[in-house]
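*Asks:*
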Amino acid sequence: EAGVTQFPSHSVIEKGQTVTLRCDPISGHDNLYWYRRVMGKEIKFLLHFVKESKQDESGMPNNRFLAERTGGTYSTLKVQPAELEDSGVYFCASSQGTNQPQHFGDGTRLSIL
Amino acid sequence: QKEVEQNSGPLSVPEGAIASLNCTYSDRVSQSFFWYRQYSGKSPELIMSIYSNGDKEDGRFTAQLNKASQYVSLLIRDSQPSDSATYLCAVNKNFGNEKLTFGTGTRLTIIP
């Protein structure tokens, strides 16, 4: 069984540009999560999808971040326009249902110059 | 006060000894507790979950939970060099709130 996959593994862009991160959850997992770790800090929750619906987006830092999960399969996280403080590692996780363990991808390392 | 606190380490343990990792949390309504292992540049990998007070053993790993003291720990017996990694403690509240709250992690080094 394939795990959670994320693309790209690394992205380097300039301030003001747009970047889109993609996450493919484990097949059959309805729950999909985005997290972020900025330098020296703990991993922090961004948002939670159940199928295609946003269940909780309380962690999204501002309206420059847009997450989608059309069709309830893969998800994208777009940052537009990117700012220096957006640099960090963005993790995606999925779980089979509520109260089930979350399984993480390797993350996308995003660097804003 | 951070919601989940861990000693950042590094924690160095001789090979074959017991490594003890500790975590405290501030929100009493937390229901589920997880230990993840993360190798550099890799995904956090779930190694233990615990939901009720007491001990839970899985191979060389034992998780201990004390909700009254708001404390969860991970013991690794017969430590191996391959156990060298960062260990992340995570909690969630359930009841429809599925987000995980993480500590900053403890870096563990097993010395051969």
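Protein chains in written order, with my numbering: chain A, 776 to 888; chain B, 25 to 136.
C-beta: ideal position from N, C-alpha, C; glycine also.
All of these numbers come straight from a predicted model, not from anything done at the bench.
Which of helix, strand or coil does DSSP assign to residue 78/B?
*Replies:* Residue 78/B: strand per DSSP, three-state reduction.
*Asks:* Along chain A, in chain order, which residues have C-beta atoms closer than 9 angstroms to that of residue 126/B?
*Replies:* By Cβ distance, chain A contributes 810, 812, 817, 818, 819 and 820.
*Asks:* State the CB to CB distance for the pair residue 53/B and residue 134/B, rounded to an integer number of angstroms; the pair is presumed to be in contact (CB under 8 angstroms).
*Replies:* Their Cβ separation, rounded to whole angstroms, is 35 angstroms, which puts residue 53/B and residue 134/B out of contact at 8 angstroms.
*Asks:* Once the 5 residues before and after residue 813/A are set aside, which same chain residues still bring their CB inside 6 angstroms of it?
*Replies:* Taken in chain order, the residues that qualify are 863.
*Asks:* By Cβ distance below 8 angstroms, which residues in the same chain neighbour residue 90/B in space, the five residues on each side in sequence not counted?
*Replies:* Answer for residue 90/B: 77 and 96, listed in chain order.
*Asks:* Against residue 70/B, what residues of chain A qualify as contacts under a CB-to-CB distance less than 7 angstroms, listed in chain order?
*Replies:* 876 and 878, listed in chain order.
*Asks:* Excluding the 5 residues flanking residue 80/B on each side, which residues of the same chain have their C-beta closer than 6 angstroms to its C-beta?
*Replies:* Here the set comprises 74 and 87.
*Asks:* Please report the distance separating the alpha-carbon of residue 93/B from that of residue 788/A.
*Replies:* Taking the straight line from one Cα to the other gives about 45 angstroms.
*Asks:* Apart from the five residues on each side of it in sequence, which residues of its chain come closer than 7 angstroms, Cβ to Cβ, to residue 48/B?
*Replies:* So the qualifying residues of the chain are 29, 94 and 95.
*Asks:* In angstroms with no decimal places, state the Cα-to-Cα distance between residue 824/A and residue 136/B.
*Replies:* Approximately 44 angstroms between the Cα atoms of the pair.
*Asks:* Please classify residue 811/A as buried or exposed, where buried requires at least 16 neighbouring CB atoms within 10 angstroms.
*Replies:* Buried: at least 16 other Cβ atoms inside 10 Å.
*Asks:* I think residue 820/A touches residue 124/B, with their Cβ atoms under 8 angstroms apart; what is that distance to the nearest whole Å?
*Replies:* About 6 angstroms; that satisfies the 8 angstroms criterion.
*Asks:* Does the separation of the CB atoms of residue 853/A and residue 860/A fall below 9 angstroms?
*Replies:* It is not a contact, given that the beta carbons lie outside the stated cut-off.
*Asks:* For residue 809/A and residue 41/B, I'd like the C-alpha separation in whole angstroms.
*Replies:* If I take the Cα positions, the gap works out to 36 angstroms.
*Asks:* Name the DSSP bridge partner or partners of residue 831/A?
*Replies:* According to DSSP, which records beta bridges pairwise, residue 831/A is partnered with 823/A.
*Asks:* Provide the residue span of the beta strand (DSSP E) that contains residue 790/A, from first to last.
*Replies:* Here residue 790/A belongs to no beta strand (DSSP E), and DSSP marks it neither H nor E.
*Asks:* Does DSSP put residue 918/A in a helix, in a strand, or in coil?
*Replies:* Since the first residue of chain A shown is 776 and the last is 888, residue 918/A is not available in this structure.
*Asks:* List the endpoints of the continuous beta strand (DSSP E) containing residue 887/A.
*Replies:* Residues 883-887.
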